[in-house]
Amino acid sequence: MQKDRTLATVIALPLGFAAACAAAQELTREELASQLNGVGVEDISDAPIAGLYEVAVGANVAYVTKDGRYIIRGDIYDAATSANVSEETRARARAAMLGGVDPESMIVFKPAKGDVKHTITIFTDIDCGYCRQFHREIDKVTALGIEVHYLFYPRTGPNTESWTKADEVWCAPDKNSALTRAKLGGEVPESADCATPVESHYELGQLIGVRGTPAIFSESGELIGGYLPPATLAEVLDDPNATIE
0 MQKDRTLATV IALPLGFAAA CAAAQELTRE ELASQLNGVG VEDISDAPIA GLYEVAVGAN
60 VAYVTKDGRY IIRGDIYDAA TSANVSEETR ARARAAMLGG VDPESMIVFK PAKGDVKHTI
120 TIFTDIDCGY CRQFHREIDK VTALGIEVHY LFYPRTGPNT ESWTKADEVW CAPDKNSALT
180 RAKLGGEVPE SADCATPVES HYELGQLIGV RGTPAIFSES GELIGGYLPP ATLAEVLDDP
240 NATIE
């Protein structure tokens, strides 16, 4: 089983060592990391606010006072720039995690011609209505120079029909065609059982904070959100600050 690396765990576990910090002595990053051993902390760094550490667990962020006693949930904003500093940290973490996925474990749709301008990673559910809508327009998406990397995220979880469909698609001789057929409501031809990445995709989705599908991420780890028409998606990728109407 994968370690529980949710933000709730980060908050719960330190309660045991908080008493040991009653003297309010400042902990080094190494000492705090040792106290949090087993939680799955990705990084501990100085927060932009004096006296706080920023603790990253997967794509979750919490803030801990340097004596280890208090834990703060919530985002930090830079009032001078209006930037969400916490979201920037989450995006970097998501980009690193997505960048660690074996390309051979994804189903990729590439532009038929022309250069690749953007690459997006999508957690998808074969039975999700908006996922199907997006895929019906996949040719329009790739024609805009967008390469699509699909990861499976059956929202109903293991041992369900959606999960089984994902397994069947992966085991098909032509995964791309099988995915398209399944998303159009067609039957996927039976094929021999095989090892599939569905479970690892699903666990990554939970760790990265997927709450619905399609969950679209940019190369920089920004959560673009759910379904967008192809032209709007391209506009957002070209300019992350673009206003979506």
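Take the sequence shown: its letter number 104 is residue 103 in numbering that gives the first Met the number 0, and every next letter is one higher. Glycine included, every Cβ here is placed at the ideal spot set by N, Cα and C. Bear in mind the structure is a predicted one, so any value in this text is a computation, not a measurement.
Item                                                                                                                                         : Value
Buried or exposed: where does L183 fall if 16 or more other Cβ atoms within 10 Å of its Cβ makes it buried?                                  : exposed
Am I right that E221 and A90 are in contact with their C-beta atoms under 8 Å? What's the rounded C-beta distance?                           : 5 Å
What is the DSSP secondary structure of N240, counted as helix, strand or coil?                                                              : coil
Is it buried or exposed, D124, if we count other Cβ atoms within 10 angstroms and call 16 or more buried?                                    : buried
How would you label S44, buried or exposed, when you count the other beta carbons within 10 angstroms and need 16 or more for buried?        : exposed
Just verifying my parser: in three-state terms, what is the DSSP assignment at S190?                                                         : coil
Quick check: P102 and I145, are their CB atoms within less than 9 Å of each other?                                                           : no
Can you find at least 3 beta carbon pairs, one from the segment 215-229 and one from the segment 161-169, that sit closer than 8 Å?          : no
Restricting to Cα atoms, I'd like to know which of L150, Y69, D77, A58 is closest to L31.                                                    : Y69
In three-state DSSP terms, what is G225?                                                                                                     : coil
Hey, is the segment 55-63 in contact with the segment 172-182, meaning 3+ C-beta pairs nearer than 8 Å?                                      : no
Beta-carbon within less than 7 Å of G211's beta-carbon, same chain only, minus the 5 sequence neighbours each way: which residues are those? : G225
Are the C-beta of E25 and some C-beta of chain C separated by less than 9 Å?                                                                 : Chain labels in this structure do not include chain C; a single protein chain is all it has.
Looking at L150: is its Cβ nearer than 9 Å to the Cβ of M105?                                                                                : yes
Based on Cα-Cα distance, which residue from F122, H134, G50, D138 lies nearest to K112?                                                      : D138
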